[in-house]
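*Asks:* At position 22 of the sequence shown (counting the first as 1) the number is 22 in full-length UniProt numbering, and the numbers step up by one without a gap.
Beta carbons: idealized from backbone N, C-alpha and C, even for Gly.
Next up is a structure, given as structure tokens.
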Amino acid sequence: MVFLVSLVVLSLIAAISWPLLNRWQHSTAEQAGGTVRIGAGHAPASLDIRTQDGNAVTQALLGNVYQTLVGLDEHARPVPQIASSWERSPDGLTYTFHLRENQTFEDGSPLDSSAVLWSMEQTMKNKYLGHQHFDNLAKVTNPTANEVVIELKNPDAQLPYELAGRPGIVYNRGARVNYDKESAGSGPYTVDSFKPGQELVLRKSKTYRGPHQAKSAKIVFSYSQDSKGQAQQVASGKLDAAVDLSASEISAAKTSKPELKLSTGLTDDNVVLAFNHSKTAITSDERVRQAISHAVDRKVIADASGGTQKVLEGPLNELSVGYDPAYKALPHDSKKAASLASYFSQSAYGSHLRLVYDKSLGQDIGNTIKDQLAQANMPIEVIMLDHDAFQEQVINKHDYELTLFNMSNDDVSQFANPHSPMAFDDTECQQFFRLVTGAKSDGDYASQLKQFAQTLSNKQASVWLTQKTPVNAKSNKLKGLPDNMGDRYIPAWELKA
Numbered sequence: 001m002v003f004l005v006s007l008v009v010l011s012l013i014a015a016i017s018w019p020l021l022n023r024w025q026h027s028t029a030e031q032a033g034g035t036v037r038i039g040a041g042h043a044p045a046s047l048d049i050r051t052q053d054g055n056a057v058t059q060a061l062l063g064n065v066y067q068t069l070v071g072l073d074e075h076a077r078p079v080p081q082i083a084s085s086w087e088r089s090p091d092g093l094t095y096t097f098h099l100r101e102n103q104t105f106e107d108g109s110p111l112d113s114s115a116v117l118w119s120m121e122q123t124m125k126n127k128y129l130g131h132q133h134f135d136n137l138a139k140v141t142n143p144t145a146n147e148v149v150i151e152l153k154n155p156d157a158q159l160p161y162e163l164a165g166r167p168g169i170v171y172n173r174g175a176r177v178n179y180d181k182e183s184a185g186s187g188p189y190t191v192d193s194f195k196p197g198q199e200l201v202l203r204k205s206k207t208y209r210g211p212h213q214a215k216s217a218k219i220v221f222s223y224s225q226d227s228k229g230q231a232q233q234v235a236s237g238k239l240d241a242a243v244d245l246s247a248s249e250i251s252a253a254k255t256s257k258p259e260l261k262l263s264t265g266l267t268d269d270n271v272v273l274a275f276n277h278s279k280t281a282i283t284s285d286e287r288v289r290q291a292i293s294h295a296v297d298r299k300v301i302a303d304a305s306g307g308t309q310k311v312l313e314g315p316l317n318e319l320s321v322g323y324d325p326a327y328k329a330l331p332h333d334s335k336k337a338a339s340l341a342s343y344f345s346q347s348a349y350g351s352h353l354r355l356v357y358d359k360s361l362g363q364d365i366g367n368t369i370k371d372q373l374a375q376a377n378m379p380i381e382v383i384m385l386d387h388d389a390f391q392e393q394v395i396n397k398h399d400y401e402l403t404l405f406n407m408s409n410d411d412v413s414q415f416a417n418p419h420s421p422m423a424f425d426d427t428e429c430q431q432f433f434r435l436v437t438g439a440k441s442d443g444d445y446a447s448q449l450k451q452f453a454q455t456l457s458n459k460q461a462s463v464w465l466t467q468k469t470p471v472n473a474k475s476n477k478l479k480g481l482p483d484n485m486g487d488r489y490i491p492a493w494e495l496k497a
């Protein structure tokens with residue numbers, strides 16, 4: 001009886017004290033490492049990085065919670081992450097990745113080469129975001145626990161860049177979590193709590209053993225539509241930083257808080273006015289494309305962004321190794337545009353020239369392009385669609401003449417695919433891109449990519465309008481926040497307030 005009573009008492013003490021001890025441990029860890037609060041303008045609807053599209057989820061989770069085989073630095077260059085190093089065979093068909101030893105997932109289970117193989121199989125089988133990048137795989141093997149060998153059907157010098165995105169995520173086979181609001185990653189942070197549309201809290205992982213040791217115990221992402229009020233919150237100390245500010249918020253920060261420090265960075269995202277190159281589309285005619293290129297005033301479009309974009313001269317911006325500062329797009333010239341456009345009657349444009357795009361890009365850019373083409377006697381119809389309707393009409397059916405895309409530097413590869421939404425089928429460009437993917441050295445890759453981009457520009461494959469230039473506001477005490485790429489990736493482990 002005494003034993004049973006003692007057991008009950010000890011159980012009650014444990015039941016009461018364990019939650020208190022847990023809270024004390026978390027509180028102690030937070031005090032030891034501190035908390036960094038980041039404001040962002042776009043909130044993820046779900047934390048399921050396998051299926052949730054958009055940059056909001058990668059901004060917070062990629063590299064921080066879910067690591068990839070290869071990482072990207074702030075200049076968009078491949079760097080080690082799960083793999084400590086890799087090499088490519090002379091023929092470009094085989095990559096060997098060497099994994100860091102003693103890696104684990106957040107539940108303590110091992111992250112080894114078998115986990116990499118399983119993750120790639122799941123991505124292909126379930127068609128997770130980015131699965132199409134594995135279409136070129138011939139065979140994947142794991143000779144040892146810390147070695148993965150990827151064999152390709154055709155050479156692909158871009159594979160390390162691709163494995164720095166969602167295709168390169170290594171998932172935990174044993175995870176039993178709700179990915180919408182929980183995590184099962186291998187990074188320096190885990191998901192502590194998530195309030196959709198409001199807040200995401202990351203907590204320092206207790207099991208992470210890699211080189212990206214977290215400098216802060218907690219990272220809190222606070223969300224506000226179009227980053228409204230976030231610059232003021234940085235100034236008042238409620239936030240340590242606000243990333244990728246909207247144009248209206250930048251203006252408000254400059255007006256009301258002139259002493260607030262704003263920094264402008266770069267990202268590899270570009271805004272592109274794309275043509276439908278299908279033979280039945282009027283935009284398949286090079287004279288029409290040249291006319292539109294001359295008619296569009298890219299500086300006016302960039303200036304209207306309020307500091308969030310700048311003029312782009314060619315298919316690649318300066319965060320690509322294929323960028324060439326000597327690129328010069330066709331200059332704005334309404335008279336020359338009108339002369340070129342006069343080959344077709346105005347009725348041809350009015351009946352067959354439609355600018356169809358996702359309404360998330362806003363009405364202003366469509367109206368600006370419409371006005372600029374009108375000055376060159378090219379009447380167009382502007383049609384904005386919700387995301388699903390845009391996917392169906394433009395991406396699936398190719399039912400448009402002009403459209404607007406947000407395209408990363410890597411997306412330039414679509415112009416080598418005749419089945420892409422642009423239906424750009426040019427043998428010379430396809431041959432040049434094969435030289436890009438077949439490059440046998442980094443220098444050769446950069447050189448061939450420059451040539452491919454120059455050829456696309458010469459053929460007026462699209463009008464490359466602007467490059468995104470994300471603007472951040474941060475407190476003087478915050479350390480570790482890079483200016484570049486903050487709209488897509490934030491290395492939370494580097495942050496310290």
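Within the present structure, is the beta-carbon of Ser84 separated from the nearest heavy atom of the ligand NAP by less than 7 Å?
*Replies:* Absent from the structure shown: the ligand NAP. Ligands present: none.
*Asks:* Identify every residue that forms a DSSP beta bridge with Leu385.
*Replies:* DSSP output for Leu385 lists Asp358 as bridge partner(s).
*Asks:* Please say whether Ser227 and Ser251 have beta carbons closer to each other than 8 Å?
*Replies:* For Ser251 and Ser227, no; Cβs fall outside 8 Å.
*Asks:* Counting Cβ pairs, one atom from each stretch, are 3 or more of them under 8 Å apart for the stretch 417 to 435 and the stretch 309 to 325?
*Replies:* Counting Cβ pairs under 8 Å, fewer than three are found: no touch.
*Asks:* I need the boundaries of the alpha helix (DSSP H) containing Leu72, first residue and last residue.
*Replies:* Looking at the DSSP string, Leu72 is not in any alpha helix (DSSP H); the run it does join, the beta strand (DSSP E), is 70 to 72.
*Asks:* What's the C-alpha gap between Gln25 and Gln59?
*Replies:* Residue confidence for Gln25 is low, a pLDDT of 46 falling below 50, so the modelled location carries little weight; the figure read from the coordinates is stated next. Rounded to the nearest angstrom, the two C-alpha atoms are 28 Å apart.
*Asks:* If we ignore side chains and look at the alpha-carbon of each, how far apart do Thr94 and Tyr128 end up?
*Replies:* Thr94 and Tyr128: Cα-Cα distance of roughly 24 Å.
*Asks:* Mapping the DSSP letters down to three states, classify His98 as helix, strand or coil.
*Replies:* Here His98 sits in strand by DSSP.
*Asks:* Tell me whether Asn476 sits in a helix, a strand or coil according to DSSP, three-state version.
*Replies:* In the structure shown, Asn476 sits in coil (DSSP, three-state: anything other than H, G, I, E or B).
*Asks:* Are Gly92 and Val79 close, meaning C-beta to C-beta below 8 Å?
*Replies:* No, Cβ-Cβ distance for Gly92 and Val79 is not below 8 Å.
*Asks:* Could you tell me how far apart the beta carbons of His294 and His352 are, in whole angstroms, since I believe they sit closer than 8 Å?
*Replies:* Between His352 and His294 the Cβ distance is about 19 Å, and since that is not below 8 Å, they are no contact.
*Asks:* Here's the rule I'm using: 16 or more other beta-carbon atoms within 10 Å means buried, otherwise exposed. How should Pro160 be labelled?
*Replies:* Under this definition Pro160 is a buried residue.
*Asks:* Taking all protein chains shown into account, do 16 or more other C-beta atoms lie within 10 angstroms of the C-beta of Arg488, making it buried, or fewer, making it exposed?
*Replies:* Looking at its Cβ environment, which holds 16 or more other Cβ atoms inside 10 Å, Arg488 is buried.
*Asks:* Helix, strand or coil for Val177 per DSSP?
*Replies:* Val177: coil per DSSP, three-state reduction.
*Asks:* How long is the line joining the alpha carbons of Gln448 and Lys477, rounded to whole angstroms?
*Replies:* Roughly 43 Å separates the two Cα atoms.
*Asks:* What did DSSP end up calling Leu495 once you bin it into helix, strand or coil?
*Replies:* Note: Leu495 maps to coil in three-state DSSP.
*Asks:* By the DSSP assignment, the beta strand (DSSP E) with Arg209 in it spans what residues?
*Replies:* Neither: Arg209 is in no beta strand (DSSP E) and is coded neither H nor E.
*Asks:* At the level of alpha carbons, what is the spacing between Pro155 and His131?
*Replies:* Each residue's Cα considered, the two are about 18 Å apart.
*Asks:* Starting from the C-beta of Gly486, find all residues in its chain whose C-beta is less than 8 Å away, skip the five residues before and the five after it, and write them out in chain order.
*Replies:* The residues are Gln59, Val243, Asp244, Gly265, Thr267, Pro470, Asn472.
*Asks:* Closer than 6 Å by C-beta to Thr437: which residues in its own chain qualify, once you throw out the five before and the five after it? Chain order, please.
*Replies:* These residues qualify, in order along the chain: Pro155, Asp156, Ala157.
*Asks:* So what does DSSP say about Phe344, is it helix, strand or coil?
*Replies:* The answer is coil: DSSP assigns Phe344 none of H, G, I, E or B.
*Asks:* Give the DSSP-derived three-state secondary structure of Thr403 in the structure shown.
*Replies:* The answer is strand: DSSP assigns Thr403 an E or B state.
*Asks:* Where Asn146 and Ile82 are concerned, what is the direct C-alpha to C-alpha distance, given to the nearest angstrom?
*Replies:* Straight-line Cα distance between these residues: approximately 10 Å.
*Asks:* Taking the continuous alpha helix (DSSP H) assigned at Leu117, which residues delimit it?
*Replies:* Where Leu117 is concerned, the enclosing alpha helix (DSSP H) stretches over 113 to 126.
*Asks:* Cα separation between Gln346 and Leu456?
*Replies:* Rounded to the nearest angstrom, the two C-alpha atoms are 28 Å apart.
*Asks:* Please state whether DSSP places Gln430 in a helix, a strand or coil.
*Replies:* DSSP places Gln430 in helix when its eight states are reduced to three.
*Asks:* As a quick exercise: from Ile383, Phe221, Asp425, pick the residue whose alpha carbon is nearest that of Ile490.
*Replies:* When each option's Cα is compared against that of Ile490, the closest is Phe221.
*Asks:* Across the stretch 42 to 51 and the stretch 136 to 144, are there enough close Cβ pairs to call them in contact, namely three or more that are closer than 8 Å?
*Replies:* The answer is no - the stretch 136 to 144 does not touch the stretch 42 to 51, with fewer than three Cβ pairs under 8 Å.
*Asks:* Excluding five sequence neighbours on each side, which residues of the same chain lie with their C-beta closer than 7 Å to the C-beta of Lys440?
*Replies:* So the qualifying residues of the chain are Pro90, Gly92.
*Asks:* Pull the bridge partners of Ile150 from the DSSP assignment, please.
*Replies:* Bridge partners of Ile150: Tyr95, Val140.
*Asks:* Applying the 10 Å Cβ sphere with the 16-neighbour rule, what's the burial state of His102?
*Replies:* The amino acid occupying residue 102 in the given sequence is Asn; His does not appear at that position. Exposed, since its Cβ has fewer than 16 Cβ neighbours within 10 Å.
*Asks:* Can you tell me whether Arg298 is helix, strand or coil according to DSSP?
*Replies:* Helix.
*Asks:* So the candidates are Asn484, Val463, Lys299; which of them puts its Cα closest to the Cα of Leu273?
*Replies:* For Leu273, the nearest C-alpha among the options comes from Val463.
*Asks:* Excluding sequence positions up to five away, which residues of its chain have a Cβ less than 7 Å from the Cβ of His133?
*Replies:* Glu162, Pro167.
*Asks:* Specify the secondary structure class of Leu449 as computed by DSSP and reduced to three states.
*Replies:* DSSP places Leu449 in helix when its eight states are reduced to three.
*Asks:* When the Cβ atoms of the stretch 327 to 342 are set against those of the stretch 360 to 369, are three or more pairs found closer than 8 Å?
*Replies:* Segments in contact, no.
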